[in-house]
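Below: one structure, written as structure tokens.
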Amino acid sequence: MTEVHYGVVRVGDRWSIIGDNLRFGAYETLGEARAAVHRLAEHPAGLGLPVMMHVQEEDWILPGPTALA
Numbered sequence: 000m001t002e003v004h005y006g007v008v009r010v011g012d013r014w015s016i017i018g019d020n021l022r023f024g025a026y027e028t029l030g031e032a033r034a035a036v037h038r039l040a041e042h043p044a045g046l047g048l049p050v051m052m053h054v055q056e057e058d059w060i061l062p063g064p065t066a067l068a
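Residue numbers are given in numbering that gives the first Met the number 0: position 69 of the sequence shown equals residue 68, and the series is strictly consecutive.
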């Protein structure tokens with residue numbers, strides 16, 4: 000099954016959202032960036048596809064995704 004994947008990563012002193020051929024946002028906190036991904040998951044452009052979120056950890060590892068409802 001096809002899925003939409005978004006990553007929340009640290010870029011300098013900000014958090015950005017990455018995906019297939021995209022990078023956007025400059026959020027001050029991880030919580031703000033995560034909330035933005037949740038809003039994206041609700042957007043109709045997702046065409047009803049499952050959305051997976053990867054969140055970069057403090058050691059710079061990007062672990063496996065969490066499925067968003």
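Ideal placement from N, C-alpha and C gives every residue a C-beta, glycine not left out.
Check: Which whole-angstrom value describes the C-beta separation of GLY6 and GLN55, a residue pair presumed to lie in contact below a C-beta threshold of 8 Å?; Outcome: 7 Å
Check: Apart from the five residues on each side of it in sequence, which residues of its chain come closer than 8 Å, Cβ to Cβ, to GLY63?; Outcome: HIS53
Check: With burial defined as no fewer than 16 other Cβ atoms inside 10 Å of the residue's Cβ, what is the status of ARG33: buried or exposed?; Outcome: buried
Check: Taking just the CA atoms, how far does TYR26 sit from ASP12?; Outcome: 9 Å
Check: Could you tell me which residues DSSP pairs with HIS53 in its beta bridges?; Outcome: GLY6
Check: In its own chain, which residues sit with a C-beta less than 6 Å from the C-beta of VAL50, not counting the 5 before and 5 after it?; Outcome: VAL3, ALA40 and LEU67
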